[in-house]
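Data block below; observations after.
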Amino acid sequence: MEAVKALFEQLGKVPEEVNVNAVFGTPETIEGITLIPVAEIMYGFGAGVGSGPSNECDEASADADAVEGKTATGVGGGAGAKARPIAYIAVGPEGARVQSIMDEQKVALAGILLGFWAIGWVGLVLKTLFTRRS
Amino acid sequence: MKLPEQRIRLVAADPIEVGTRRLLPSVLVNTSSLQSPDQGTFHFVRLRPASIVVEGENSAEWIEIPNTTGNILSAMAAAAAGIALVSSLVIAVSLFLKNPRERR
């Protein structure tokens, strides 16, 4: 259990050492224009520990009283990371400019959902307005 | 129960040299964390580029890095909330006007 607590403490120090330079990619020069990719980075991790009374019988003794006082501990965790390009910086002879990159798939999906949402509400309003009360 | 700790910081990244220009980027760091020996631990970090300052030989220019997708999705969410609000108001008024008992 102490080892798990020590692990949690070590995991807690990781975000303090975040390298913000990872957001900006390596500059590449193509035909006199330098392009610097820019990304949004997300990452996270979690871990949990729990303990409780054990329901397992001791193989050496079939006596139920021997089970009393025994505890079992479980530990689990997970982690994930995501990087999404959001723009690139173009630096040329005339200056620097930022060109944003749109996630068309996400926007299209959200647009379809918004359309269904609007149709549903309009239908509900029309049904309420044109329904005759008995 | 312990609540997660949230921190938002604006951090300057390392300067990028491009020819005679010097780019000074800044990054928005959003950190959520919970550290509890009893409940467990989690950390979530989001790094979003905020802006760059382009330093030339004689001038400096500040350029914002827009989150186009995020802005569009926020506008759509606002539109969805507006549609729901207006529709609910229309339905409520309609039901109120149709019910003579409530009108008295």
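The listed protein sequences correspond, in order, to chains S and Y. The letter at position 20 of the first sequence is residue 19 when you use numbering that gives the first Met the number 0, and the numbering goes up by one with no holes. The letter at position 80 of the second sequence is residue 79 when you use numbering that gives the first Met the number 0, and the numbering goes up by one with no holes. Cβ atoms here follow ideal geometry from the backbone N, Cα and C, with glycine treated the same way.
1) Kindly identify the DSSP beta-bridge partner or partners of F95 (chain Y).
2) Anything in chain S within Cβ reach of S93 (chain Y), meaning under 7 Å, just list it in chain order.
3) Does DSSP put E56 (chain Y) in a helix, a strand or coil?
4) Could you tell me the distance, in whole angstroms, from the CA atom of S53 (chain S) to the CA atom of G77 (chain S)?
5) Would you list, in chain order, the members of the stretch 16–27 of chain S that have their beta-carbon closer than 8 Å to a beta-carbon of chain Y?
6) Can you confirm whether A86 (chain S), when its beta carbon is compared against all beta carbons of chain Y, has any partner nearer than 8 Å?
7) Within 10 Å of its beta-carbon, does A86 (chain S) have 16 or more other beta-carbons around it, so buried, or fewer, so exposed?
8) If the cut is a Cβ gap below 8 Å, which residues of chain Y does T33 (chain S) touch?
9) Taking DSSP's pairing of strands, which residues face F129 (chain S) in a bridge?
10) Measure the alpha-carbon distance for K105 (chain S) versus I111 (chain S) and round it to whole angstroms.
11) Are the beta-carbon atoms belonging to P84 (chain S) and P26 (chain S) less than 8 Å from one another?
12) Smallest Cα separation from V26 (chain Y): which of Y:L72, Y:P48 and Y:V17?
13) Taking 8 Å as the threshold, find out whether the stretch 37–54 of chain Y comes into contact with the stretch 15–23 of chain Y through three or more Cβ pairs.
14) So, for G73 (chain S): in the same chain, excluding its five sequence neighbours on each side, which residues have a beta-carbon less than 6 Å away from its beta-carbon?
The relevant details are as follows:
1) Mapped onto the second sequence, residue 95 (chain Y) falls at position 96. Paired residues: none, contrary to the question.
2) The count along the second sequence starts at 1 and reaches residue 93 (chain Y) at position 94. Near S93 (chain Y) (Cβ distances below 7 Å), the residues of chain S are T127 and L128.
3) Within the second sequence, numbered from 1, the residue matching residue 56 (chain Y) stands at position 57. DSSP places E56 (chain Y) in coil when its eight states are reduced to three.
4) Residue mapping note: residue 53 (chain S) aligns to position 54 of the first sequence, counting from 1. Residue mapping note: residue 77 (chain S) aligns to position 78 of the first sequence, counting from 1. Each residue's Cα considered, the two are about 25 Å apart.
5) V17, V19, N20, A21, V22, F23 and P26
6) The residue you call residue 86 (chain S) lines up with position 87 of the first sequence. Yes - at least one Cβ of chain Y is within 8 Å of the one on A86 (chain S).
7) Along the first sequence, one-based indexing puts residue 86 (chain S) at 87. When all chains shown are included, A86 (chain S) counts as buried.
8) Position 34 of the first sequence holds residue 33 (chain S). The answer, in chain order, is V17 and G18.
9) For the purposes of this step, residue 129 (chain S) is taken as the residue at position 130 of the first sequence. Paired residues: none, contrary to the question.
10) Taking the first sequence and counting its residues from 1, the one referred to as residue 105 (chain S) is at position 106. Taking the first sequence and counting its residues from 1, the one referred to as residue 111 (chain S) is at position 112. For K105 (chain S) and I111 (chain S), the distance between alpha carbons rounds to 10 Å.
11) Working through the first sequence from its first residue, we reach residue 84 (chain S) at position 85. Working through the first sequence from its first residue, we reach residue 26 (chain S) at position 27. For P84 (chain S) and P26 (chain S), no; Cβs fall outside 8 Å.
12) Position 27 of the second sequence, counted from the start, is the residue given in the question as residue 26 (chain Y). Nearest C-alpha to V26 (chain Y): Y:P48.
13) yes
14) Start at 1 with the first residue of the first sequence, and residue 73 (chain S) comes out as number 74. Counting only Cβ-Cβ distances below 6 Å, and skipping sequence neighbours, we find G49.
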